[in-house]
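Participant:
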Amino acid sequence: MTAALATRCLQADAASIAEAARGLAVGGLVAFPTETVYGLGADATNGRAIARLYDAKGRPAFNPLIAHVADLSAARAVARFNADAELLAATFWPGPLTLVLPKAVDCPVAELATAGLDSIAVRVPNHKVARAILDAFGKPVVAPSANRSGHVSPTRAEHVQSDLSGRIDLIIDGGATPVGVESTIVACLDTPRLLRPGGVPRGVIESALGRTLVEGPGHQSAGANTPLAPGMLASHYAPRTRLRLDVSRVEPGEALLAFGPRLAEGAERSKMTLNLSARSDLVEAAANLFAHLRALDAAGAGAIAVMPVGREGLGEAINDRLARAAAER
Ligand code: TXA
Ligand code: MG
């Protein structure tokens, strides 16, 4: 990173979408909303643009990126689909599911984007701004979450601004992202594996497949230096303030991340209280998760006390993100 860039932030409309596509075409870094979180986009076929992207995020270069494409036929140009992958794509695309697949023979995506792996992560997002940009650009776009490495994922354009202003070219503001947690990642290399819980609950994927998803990265990661599932890096999602999970009592000096209608004991003395969902709705909780963590992180509390959150449906992804945010680092 040399000189600071003048990062522009534009409301999403026909003119700014055309501007985003032009920016991507000249190797620019463009943040845009998807249904899950804001992504930081770069031309997937442009190795230099991707290098700038890693630099802007401060991301370790071994962490591979997701290629976002407009539709299934564009996905077939970058990856090979087995029967499970066909079924999952037909059922969940466009939507918050990423498939890790073998690279297609003439895959145009730059090697740097896949960190040297022979597999590639692909998804077709379901957000009108993301789709309009992909349509206008006409090529795959790699887009990690638009946060500095180690920070929480952004669900609003302001989050992107606070993390990446001066480091990227353009931010397209399309309002708050509806899902609020990242896509679910399933590898279809051999037997289908859940690499990262996310916006599509595991159970819904398992019913579509008619079988159980195997957990984790599989044999390839055991002691190997190729990170098949670096989405599982222990401290990926990290507010600066320490998190204390599954609390029933708030200690003096703490802020409270609540869930459900009845607040933890001592909530009246918390420095700041935000509720993921007062009606215990896990979809609402997921949409609030990262924004609430950011706000509580800024409250100057000694720690963030987190009430227990249900583990069913999207609760698995929420608990996974909370556990990462709480990991020692
Ligand atoms: O919802 C999302 O998926 C968002 C939006 C912007 O689309 N994107 C996102 O990207 O969360 P990122 O880069 O923050 O997370 C992608 C994860 C990373 O943990 C990466 O290691 C994993 O996908 N990944 C990418 N390619 C992979 C591969 N070939 N094998 C295994 N994991 C892979
Ligand atoms: Mg991320």
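For the sequence shown, the residue numbers in this note's numbering are 338 to 666.
Note that CB positions come from ideal geometry on N, CA and C, so glycine has one too.
Just so we're clear, the structure is a prediction, and the values are computed from it rather than from any experiment.
Is there at least one non-hydrogen atom of ligand 2 closer than 7 Å to the beta-carbon of SER614?
Facilitator: Here residue 614 refers to the residue found at position 277 of the sequence shown. No.
Participant: So, for ARG389: in the same chain, excluding its five sequence neighbours on each side, which residues have a beta-carbon less than 8 Å away from its beta-carbon?
Facilitator: Counting from one through the sequence shown, the residue named residue 389 turns up at place 52. Excluding sequence neighbours, ARG389 sits near GLY364, LEU366, ALA379.
Participant: Just to check my reading of the structure: GLY503 and SER520 have Cβ atoms closer than 8 Å, yes? What is that Cβ distance to the nearest angstrom?
Facilitator: Sequence index remark: in the sequence shown, residue 503 carries index 166 (1-based). Sequence index remark: in the sequence shown, residue 520 carries index 183 (1-based). That belief does not hold up - the Cβ atoms of GLY503 and SER520 are roughly 28 Å apart, past 8 Å.
Participant: Name the one or two DSSP bridge partners that VAL478 has.
Facilitator: For the purposes of this step, residue 478 is identified with residue 141 of the sequence shown, where counting begins at 1. Partner(s): ASP380, HIS405.
Participant: What are the boundary residues of the beta strand (DSSP E) that ASN612 is part of?
Facilitator: Locating residue 612 in the sequence shown gives position 275, counting from the first residue. Here the beta strand (DSSP E) through ASN612 covers 610 to 612.
Participant: Using the C-alpha atoms, what's the distance from ALA422 back to PRO370?
Facilitator: Counted from its first residue, the sequence shown places residue 370 at position 33. Counted from its first residue, the sequence shown places residue 422 at position 85. Whole-angstrom Cα-Cα distance: 25 Å.
Participant: By how many angstroms is the C-alpha of ASP657 removed from the C-alpha of GLY647?
Facilitator: Here the question's residue 647 lines up with position 310 in the sequence shown. Here the question's residue 657 lines up with position 320 in the sequence shown. Straight-line Cα distance between these residues: approximately 12 Å.
Participant: Rounded to whole angstroms, what's the CA-CA distance from ALA663 to GLY487? Just pull it up for me.
Facilitator: The residue labelled residue 663 in the question sits at position 326 within the sequence shown. The residue labelled residue 487 in the question sits at position 150 within the sequence shown. Looking at the two C-alpha atoms, the distance is approximately 12 Å.
Participant: Round the Cβ separation of VAL374 and THR514 to the nearest angstrom and send it over; I've been treating them as touching at under 8 Å.
Facilitator: The residue given as residue 374 occupies position 37 in the sequence shown. The residue given as residue 514 occupies position 177 in the sequence shown. That pair is a contact at about 6 Å.
Participant: Thinking just about the alpha-carbon of each residue, which of LEU501, ALA640, ARG359, ALA592 is nearest to the one in GLY475?
Facilitator: On the sequence shown, residue 475 is found 138 positions in, with the first residue counted as 1. Out of LEU501, ALA640, ARG359, ALA592, ARG359 has the C-alpha closest to the C-alpha of GLY475.
Participant: Tell me, to the nearest whole angstrom, how far the beta carbon of LEU651 is from that of LEU619; I am working on the premise that it is less than 8 Å.
Facilitator: As a working note, residue 651 is residue 314 in the sequence shown. As a working note, residue 619 is residue 282 in the sequence shown. Confirmed, Cβ separation roughly 4 Å.
Participant: Please list the terminal residues of the continuous alpha helix (DSSP H) segment that includes VAL752.
Facilitator: Past the edges of the chain, shown from 338 to 666, lies residue 752, and the structure says nothing about it.
Participant: Beta-carbon separation of VAL461 and GLY511 under 8 Å?
Facilitator: Mapped onto the sequence shown, residue 461 falls at position 124. Mapped onto the sequence shown, residue 511 falls at position 174. No.
Participant: Can you tell which of GLY453, ALA416, LEU424, SER456 has its C-alpha closest to the C-alpha of ALA441?
Facilitator: Here residue 441 is taken as the residue at index 104 of the sequence shown, counted from 1. Looking at the Cα atoms, ALA416 is the closest of the given residues.
Participant: I want to check one thing, is the minimum distance from the CB of SER499 to the heavy atoms of ligand 2 below 7 Å?
Facilitator: As a position in the sequence shown, residue 499 is number 162, starting the count at 1. Outside the cutoff, so no.
Participant: Can you tell me where the beta strand (DSSP E) holding ASP510 begins and where it ends?
Facilitator: The residue you call residue 510 lines up with position 173 of the sequence shown. Here the beta strand (DSSP E) through ASP510 covers 507 to 510.
Participant: Please state if the CB of ALA355 and the CB of LEU377 are separated by a distance shorter than 8 Å.
Facilitator: Here residue 377 refers to the residue found at position 40 of the sequence shown. Here residue 355 refers to the residue found at position 18 of the sequence shown. No, they are not a contact pair.
Participant: Output the distance between the C-alpha atoms of SER585 and GLU591, rounded to the nearest integer angstrom.
Facilitator: Taking the sequence shown and counting its residues from 1, one reaches residue 585 at position 248. Taking the sequence shown and counting its residues from 1, one reaches residue 591 at position 254. Cα to Cα, the separation comes out at about 13 Å.
Participant: Hey, how far is the Cα of PRO564 from the Cα of VAL518?
Facilitator: What you label residue 564 is simply residue 227 of the sequence shown in a count that begins at 1. What you label residue 518 is simply residue 181 of the sequence shown in a count that begins at 1. Bear in mind that a pLDDT of 42 at PRO564, under 50, signals an unreliable position, so the number given afterwards is only what the model happens to contain. Computed Cα separation, rounded: 22 Å.
Participant: To the nearest angstrom, how far is it from the Cα of ARG485 to the Cα of VAL497?
Facilitator: In the sequence shown, residue 485 corresponds to position 148, counting from 1. In the sequence shown, residue 497 corresponds to position 160, counting from 1. Each residue's Cα considered, the two are about 9 Å apart.
Participant: CA-CA distance, LEU361 and VAL643?
Facilitator: Mapped onto the sequence shown, residue 361 falls at position 24. Mapped onto the sequence shown, residue 643 falls at position 306. Each residue's Cα considered, the two are about 40 Å apart.
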